[in-house]
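The next block holds one structure in the form of structure tokens; read it before the comments.
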Amino acid sequence: MDSRLAPLMTSTKGEWYTPPEIIERAIRVLGAIDLDPASDRLAAASIPAARYYTQEQDGLALPWAGRVWLNPPYGRVIGLWVAKLVAEYEAGRVTAAIALLPARPDTRWWQRLAGCPICFVRGRLRFSGQGTGAPFPSALAALGCELGAFASAFGDLGGIWRLVAGAGQGKGRQLALWG
Ligand SMILES: C[S@@+](CC[C@H](N)C(=O)[O-])C[C@H]1O[C@@H](n2cnc3c(N)ncnc32)[C@H](O)[C@@H]1O
12 MDSRLAPLMT STKGEWYTPP EIIERAIRVL GAIDLDPASD RLAAASIPAA
62 RYYTQEQDGL ALPWAGRVWL NPPYGRVIGL WVAKLVAEYE AGRVTAAIAL
112 LPARPDTRWW QRLAGCPICF VRGRLRFSGQ GTGAPFPSAL AALGCELGAF
162 ASAFGDLGGI WRLVAGAGQG KGRQLALWG
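So the mapping is simple: this note's numbering equals the position in the sequence shown, first residue as 1, plus 11.
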């Protein structure tokens with residue numbers, strides 16, 4: 012990974028840059044990345060997306076389209092990013108997406124991903140430029156991706172989970188290991 016990123020990769024900035032082995036897998040599933048809506052000049056050098064939005068442009072306020080890679084700013088705003096991703100996908104503007112997120116299944120924002128296959132990463136990811144594993148667990152959510160392709164690309168990193176077919180909202184909802 013680009014060593015120029017190292018000085019900026021502090022948890023205080025919340026810049027948890029995607030490791031190359033994750034982005035390679037995402038491209039395997041998506042084919043290509045049309046948009047990385049949460050980026051900066053240095054991150055853009057290592058995520059091969061056709062378009063990027065930066066904080067100055069405000070990716071939350073702009074339209075998203077095509078195949079999206081999302082590794083949003085962490086912290087309180089994360090729910091807004093997940094909501095935007097789901098809304099753009101449901102509107103048909105985003106055709107497929109993979110999101111790298113801190114695994115927080117207890118949160119309200121996480122529940123918006125209930126319909127998505129999720130890869131819960133075993134152990135802790137070492138984000139680009141970080142000398143050690145992250146202090147939080149990670150997961151990848153897939154929207155509009157072929158399940159077999161997602162499982163085949165990410166299954167070695169951790170179990171792929173999805174809602175059991177027919178399980179409703181709230182009571183009775185269950186997760187199952189796929190594969
Ligand atoms: C966790 S980092 C991920 C960077 C890169 N997308 C990746 O996958 O490695 C989150 C990025 O979102 C950027 N960011 C923060 N607020 C933003 C906003 N409103 N619009 C676009 N990008 C934003 C940060 O500068 C940072 O580069």
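Quick reminder that beta carbons are idealized off the backbone N, C-alpha and C, glycines included. This one's a predicted model, so the numbers in the text were calculated from it and none came from an experiment.
Nearest-angstrom Cα separation, counted from residue j out to residue i
i: Ser139; j: Cys156; result: 25 Å
i: Ala164; j: Tyr100; result: 21 Å
i: Gly144; j: Arg135; result: 5 Å
i: Cys127; j: Ile171; result: 10 Å
i: Asn82; j: Val175; result: 26 Å
i: Ala94; j: Trp120; result: 7 Å
i: Ile109; j: Arg123; result: 14 Å
i: Trp27; j: Ala60; result: 17 Å
i: Ala162; j: Ala72; result: 32 Å
i: Ser149; j: Ala114; result: 5 Å
i: Ile78; j: Gly70; result: It is worth fixing the name first, because residue 78 is Arg in this sequence and not Ile. Going from the Cα of Arg78 to the Cα of Gly70 covers about 15 Å.
i: Ala160; j: Ile58; result: 20 Å
i: Ile38; j: Pro84; result: 21 Å
i: Ile34; j: Gln141; result: 16 Å
i: Leu151; j: Pro116; result: 12 Å
Distance CB(residue i)-CB(residue j) smaller than 8 Å
i: Trp92; j: Ile44; result: no
i: Leu158; j: Leu96; result: no
i: Leu46; j: Trp75; result: yes
i: Leu41; j: Ala98; result: no
DSSP beta-bridge partners of residue i
i: Gly77; result: Val105
i: Pro113; result: Ser149
i: Thr65; result: Ser50
i: Ile33; result: Partner(s): none; Ile33 has no beta bridge.
i: Cys130; result: Leu151 and Ile171
Contacts around residue i, its chain only, beta-carbon distance under 7 Å, and the 5 residues preceding and following it disregarded
i: Leu168; result: Cys130, Val132 and Arg133
Spatial neighbours of residue i in its chain, beta-carbon cut-off 6 Å, leaving aside the 5 residues before and after
i: Tyr63; result: Asp47, Ser50 and Ala55
i: Gln66; result: none
i: Arg36; result: Ala164 and Phe165
i: Phe147; result: Pro113
Chain-order list of residues whose beta-carbon lies under 8 Å from that of residue i (same chain, five-residue window excluded)
i: Pro30; result: Met12, Leu136, Arg137, Phe138 and Ser139
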